[in-house]
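Since the structure comes first, as structure tokens, the remarks are kept for the end.
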DNA sequence: TCATCCAACTTGTATGACAACATAATATGT
DNA sequence: ACATATTATGTTGTCATACAAGTTGGATGA
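What follows is the structure, given as structure tokens:
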């Protein structure tokens, strides 16, 4: 019988308690958790509370349960990375700088390693991107898919994972509104962006890693400078 | 009344179902979920199942519940990135390639942007690293802290986040064993690694971004080639 | 020795009851 | 008529009991 910290629902307290015990090694990966009845006796709560707590940890991937056997701790002890949150405009700049680093090299590796299957999918993505090239709001998602396909062509799963993680932030925003406000969406700009995409695409098709790196870096450099000028404008106006 | 996909526990099915409906926008962030009684009627399951499902989504941060009011969808729709799992030796190579891309630029930015506070902490980290330089097992954690401090000095939070994410995989392994087996841990190698660390450190102190990039790239290049040769050896021996 | 069966234990699901809390409708007093 | 209690209703939180379904290990018997 152990006491729990108050101020929350009992199940939430028990979740925190068990999570703590797993983190500090009381229950190591692979270990079997005490049975529900034992947890009931130990913490003096109902089975409902115990089961909801276990249910929560199971949803987190920290536990797996087997009917008739018990609940076991996985080796998923490491915390998962929270979604990238650009936050303010400064954060958008940081994000673009980060993407420039990642995706420049991704494009280069993609050009050097892409398979025939990659080229087929990349063409499909590029065509869709071209179809929405002049649609300021509609080109965001195809744009993301284009970049994601490039990451896949780089033949390194970590570039794909990080690209998906970046995109997880982009997709919901694309459904609602643009992050930065008051950016003129003139056609000349959209045409320029598409020209940049085209040069990236051609370099990858040609298998020219250096050209792909330069094209991608230039592409994200322009975005960075564009947002940066907006930040300066806001800075001088206030 | 809606049917659920079988082949799992009912609560797990309902978790998947609700997660899907939240993902595809049926329940948008801020919306109130149907009450437990309504979910019971709709999916023809007991309240136990409904509550465990909601409990799981709540642990994931997708829902928040308020007693007497209801369950509400948060804007935490984007899923968190799973820990980087190198898996086999091939994965270790992918990880090192990924790190080379990230950390080369991180070191360069750190050299160009580091504050006085950064330099003070970096010196502390480097001294500790020097103290463990010839300890094959004990230098892993100070090594990680050294790299993490460099990421902080780059003044871009995303580089810090990704570095922490990489480290979340390194730390548990450092407590147990080295990932790759049978690597000779001779002193000459450890001395070389430390010399590389020193050149990175000096370049950042000097504020020379180019030198810092070169030093970091060389550092990770060596690791990459070293592991790569191991992979070749294993490949030819089998 | 070996196979079979069974008893005990574990998790999964269902149901009923009540407590705690929030909100809106209703009643009440002025 | 208005402001203030009061009540009714609906919601989530917790407890208890019962049974189903799955697993394990030992007892039993040939």
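Chains as they are written, first to last, in our numbering: chain A, 6 to 243; chain B, 6 to 243.
Glycine included, C-beta positions come from ideal geometry on N, C-alpha and C.
Residue burial is scored here from C-beta neighbours: residue 140(B) has fewer than 16 other C-beta atoms within 10 angstroms and is therefore classed as exposed. Going by DSSP, residue 77(A) is part of the beta strand (DSSP E) stretching over 75-78. Between the beta-carbon of residue 86(A) and that of residue 170(A) there is about 7 Å, and that keeps the pair under the 8 Å contact cut. Residue 111(A) is not bridged by DSSP to any residue. At least one C-beta of chain B is nearer than 8 Å to the C-beta of residue 65(A).
The alpha-carbon separation between residue 155(A) and residue 106(A) amounts to approximately 14 Å. Contact between the stretch 123-141 of chain B and the stretch 40-55 of chain A is absent: fewer than three C-beta pairs spanning the two stretches fall below 8 Å. About 6 Å separates the Cβ atoms of residue 57(A) and residue 57(B), confirming a contact at the 8 Å cut-off. Chain B places no beta carbon closer than 8 Å to that of residue 197(A), leaving this residue out of the contacts. In the structure shown, residue 119(A) adopts coil according to DSSP, grouped into three states.
Counting along the chain, residue 68(A) sits inside the beta strand (DSSP E) bounded by residues 68-71.
With a contact defined as Cβ atoms closer than 8 Å, residue 137(B) and residue 144(B) qualify at about 4 Å. Residue contact with chain B for residue 73(A): absent (no Cβ-Cβ distance below 8 Å to any residue of chain B). For the pair residue 55(B) and residue 68(B), the CB atoms are not nearer than the 8 Å cut-off. Contact check for residue 197(B) against residue 112(B) fails: the beta carbons are separated by 8 Å or more.
The beta carbon of residue 221(B) does not come within 8 Å of any beta carbon belonging to chain A, so the residue lies off that interface.
Of 173(B), 206(B), 65(B), 76(B), the smallest CA-CA separation from residue 20(A) is found for 65(B). Residues of the stretch 137-166 of chain B whose Cβ lies closer than 8 Å to any Cβ of chain A, in chain order: 161, 162, 163, 164, 166. Under a 10 Å Cβ-count criterion, residue 161(B) is classified as buried, with 16 or more other Cβ atoms of the shown protein chains found around its own Cβ. Per the coordinates, the alpha-carbon of residue 230(B) lies some 13 Å from the alpha-carbon of residue 194(B). As the crow flies, the alpha-carbon of residue 28(A) is around 23 Å from that of residue 148(B). Assignment of beta-bridge partners to residue 139(B) by DSSP yields no partner. When the Cα atoms are used, residue 223(B) and residue 100(B) turn out to be separated by approximately 16 Å. Taken atom to atom, the span from the alpha-carbon of residue 33(B) to that of residue 233(B) is near 47 Å. Distance between residue 89(A) and residue 164(A), taken at the CA atoms: about 15 Å. Under the Cβ distance rule, residue 107(B) counts among the residues neighbouring chain A, one pair being separated by less than 8 Å.
Secondary structure of residue 38(B) (DSSP, three-state): coil.
By DSSP's assignment, residue 86(A) forms a beta bridge with 86(B). What residue 202(B) touches in chain A, judged by beta-carbon distance under 9 Å, is nothing: the nearest beta carbon there is about 21 Å away. Using a Cβ distance threshold of 8 Å, residue 60(B) and residue 61(A) count as a contacting pair. Put simply, the backbone Cα of residue 203(A) is about 10 Å away from that of residue 210(A).
Residues of chain B whose Cβ lies closer than 7 Å to the Cβ of residue 102(A) are, in chain order, 161. Close CB contacts of residue 216(A) within its chain, under the 6 Å cut and outside five residues either way in sequence, are with 208 (chain order). Judged by DSSP secondary structure, residue 61(A) falls within the alpha helix (DSSP H) whose first and last residues are 52-64. Taking 8 Å as the cut-off, the Cβ atoms of residue 126(B) and residue 152(B) do not count as close.
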